[in-house]
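Number of protein chains: 2
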Amino acid sequence: MGANRVGEFELLVLLAALRLGPAEAYAVPIVEDIEMRTGRSVRRANVYTTLQRLEGKGLISTWMGEPRAERGGKARRLVTVNPPGVDAVKEAAAEIRAMWGGLETIIGDIA
Amino acid sequence: MGANRVGEFELLVLLAALRLGPAEAYAVPIVEDIEMRTGRSVRRANVYTTLQRLEGKGLISTWMGEPRAERGGKARRLVTVNPPGVDAVKEAAAEIRAMWGGLETIIGDIA
DNA sequence: TGATTAAGATCACAATGTGATCTTAATGTG
DNA sequence: CACATTAAGATCACATTGTGATCTTAATCA
Chain A
1 MGANRVGEFE
11 LLVLLAALRL
21 GPAEAYAVPI
31 VEDIEMRTGR
41 SVRRANVYTT
51 LQRLEGKGLI
61 STWMGEPRAE
71 RGGKARRLVT
81 VNPPGVDAVK
91 EAAAEIRAMW
101 GGLETIIGDI
111 A
Chain B
1001 MGANRVGEFE
1011 LLVLLAALRL
1021 GPAEAYAVPI
1031 VEDIEMRTGR
1041 SVRRANVYTT
1051 LQRLEGKGLI
1061 STWMGEPRAE
1071 RGGKARRLVT
1081 VNPPGVDAVK
1091 EAAAEIRAMW
1101 GGLETIIGDI
1111 A
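Note that the protein sequences, when read in sequence, are chains A and B. Counting in the working numbering, the first sequence runs from 1 upward without gaps. Counting in the working numbering, the second sequence runs from 1001 upward without gaps.
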């Protein structure tokens, strides 16, 4: 427990991968998901770096998909979140819940 | 907007300082607050490091309190969260809400 | 054949996280 | 009075994570 704490951006990538699902999770839509939801700008390169680190920790697995018959239809590196990755996400959720508790009145419009 | 993104641990320290309030926020209870709520173990030294960095960014201000007539009653370095610090916390809250939205069914027991 | 497009990849450096270690200033005690 | 004890503050180095610059590859289109 707690052995797999992830960084802030790593968590965003895990969440995007979970939302997209194994058939659709690869760097480009991961970038789009994070950008659209948070409004911040994300480099594809940084997603690759992070995917490599997450895979190194065993939190995700990746594999190359099939090339597609479209312009620029290069094979995609698809992503699936492994059970330890899901655990890390759940632990992050628990931590967030614990730390934000009771602050609504102090900060205002958290909820 | 978005200019003051804080790291994961920096955010935990800001939240603890907000919860404790200016009269009670100094390193020792900040450590206790984070440990009790998250269950993770926190070094006082790391809180000092983080307080220095947060103060460097202008997100908090600190000052030395009065020594107390108790054993080990050394002056405490008290902490107050400045308006930019509150903004950073609100931005973090917004980001969390945006990124976690719609994942309840996928992950299970988030809420 | 060369342009265009979608996608993948490496690298270096910056920012943040974290453990080891030490110091200081107060009171208690033999 | 000297020394122990306690609460608190501080510095440092190193590990981990975040991020921009830059380049490559593989597909179709003109």
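Don't be surprised by glycine CBs; every beta carbon is placed ideally from N, CA and C.
Min CB distance residue i to chain B below 8 angstroms
i: T38(A); result: yes
i: I106(A); result: yes
i: R19(A); result: yes
i: V89(A); result: yes
i: G102(A); result: yes
i: G12(A); result: The sequence given here has Leu at residue 12(A), not Gly. So yes, L12(A) belongs to the interface.
i: E8(A); result: yes
i: M64(A); result: no
i: N4(A); result: no
Rounded separation between residue i and residue j - CA only
i: A1094(B); j: T38(A); result: 8 angstroms
i: T62(A); j: W1100(B); result: 22 angstroms
i: A75(A); j: E35(A); result: 23 angstroms
i: L59(A); j: V13(A); result: 11 angstroms
i: E1091(B); j: M64(A); result: 36 angstroms
i: S41(A); j: Q52(A); result: 20 angstroms
i: A1111(B); j: R1043(B); result: Reliability of the predicted coordinates at A1111(B) is poor, the pLDDT of 41 falling under 50, and the value obtained from them is presented with this limitation in mind. If you take the alpha carbons of A1111(B) and R1043(B), they lie about 30 angstroms apart.
i: V1047(B); j: A1016(B); result: 11 angstroms
i: E1070(B); j: N1004(B); result: 39 angstroms
i: I107(A); j: P1083(B); result: 11 angstroms
i: E8(A); j: G1021(B); result: 26 angstroms
i: K1057(B); j: V1081(B); result: 12 angstroms
i: E72(A); j: L1054(B); result: This sequence places Gly at residue 72(A); Glu is not what is there. Going by the C-alpha atoms only, they are around 45 angstroms apart.
i: D33(A); j: A1023(B); result: 41 angstroms
i: I30(A); j: R1068(B); result: 54 angstroms
i: V79(A); j: G1102(B); result: 19 angstroms
Where residue i falls, given that 16 or more other Cβ within 10 Å makes a residue buried
i: V6(A); result: buried
i: G85(A); result: buried
i: E66(A); result: exposed
i: R97(A); result: exposed
i: T1050(B); result: buried
i: A45(A); result: exposed
i: A1025(B); result: buried
i: E1104(B); result: exposed
i: E1010(B); result: buried
i: V1028(B); result: exposed
i: R19(A); result: buried
i: A88(A); result: buried
DSSP beta-bridge partners of residue i
i: W63(A); result: L78(A)
Residue-chain proximity (residue i, chain A), Cβ-Cβ < 8 angstroms
i: G1085(B); result: no
i: I1096(B); result: yes
i: L1015(B); result: yes
i: E1035(B); result: no
Point to revise | Sequence ranges, beta strand (DSSP E) only - wholly within the segment 5-67 of chain A, length at least 3 | key: 60-64
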